[in-house]
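In the UniProt record's numbering, the protein residues as written are 1 to 158.
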């Protein structure tokens, strides 16, 4: 059974130290993809912007700076608000976002209750898929049989 944990929230797109704009967003966690979190930004264009990254990165980023490359996350304070900063980098540009800390922490905790850390691989069904892939087939009997049958003498012997 597939579970989905979602949360709608308003994030701030930081344009400069003095200016930011609100952006509606949705955090999604899908148990069929247990190692990832998805965030969708509704920026007023025809299609929303989607980002996917490791759930572990967001879990750690709630408490301390982490990540490098395309996704970096760290907790901080802006004025009297606790926020989670998310810096995203792509060939199309860069974005710095501020997410409400309490909402992100609560949502992340919900995902950890649905799929505890370390249990993600069980949801992927890798053991079953490998067993099916490696299961003997009837044709394998031909390859596994002894080419030197005990009834027939080896070539060159009479």
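Each residue gets a CB set at the ideal place from its N, CA and C atoms; glycine is no exception.
For clarity, every value in this text was computed on a predicted model and none was experimentally measured.
Could you please give the first and the last residue of the uninterrupted alpha helix (DSSP H) stretch that includes residue i?
| i | result |
| --- | --- |
| residue 108 | 101-114 |
| residue 86 | Segment 81-90 is the beta strand (DSSP E) holding residue 86; no alpha helix (DSSP H) there. |
| residue 37 | Segment 36-41 is the beta strand (DSSP E) holding residue 37; no alpha helix (DSSP H) there. |
Considering only residues of the same chain and omitting the five flanking positions on each side of residue i, which have a CB-CB separation below 6 Å?
| i | result |
| --- | --- |
| residue 111 | 5, 29 |
| residue 59 | 108 |
| residue 68 | none |
What does residue i pair with, by DSSP beta-bridge criteria?
| i | result |
| --- | --- |
| residue 68 | 71 |
| residue 28 | 6, 38 |
| residue 98 | 12, 85 |
| residue 23 | 11 |
| residue 93 | 90 |
Locate the beta strand (DSSP E) running through residue i, then write down its first and last residues.
| i | result |
| --- | --- |
| residue 6 | 4-16 |
| residue 49 | 49-54 |
Beta-carbon within less than 7 Å of residue i's beta-carbon, same chain only, minus the 5 sequence neighbours each way: which residues are those?
| i | result |
| --- | --- |
| residue 115 | 31, 34, 123 |
| residue 2 | 30, 31, 32 |
Which same chain residues, not among the five before or five after residue i, have their C-beta less than 8 Å away from its C-beta?
| i | result |
| --- | --- |
| residue 64 | 74, 75 |
| residue 23 | 10, 11, 12, 13, 41, 42, 43, 97 |
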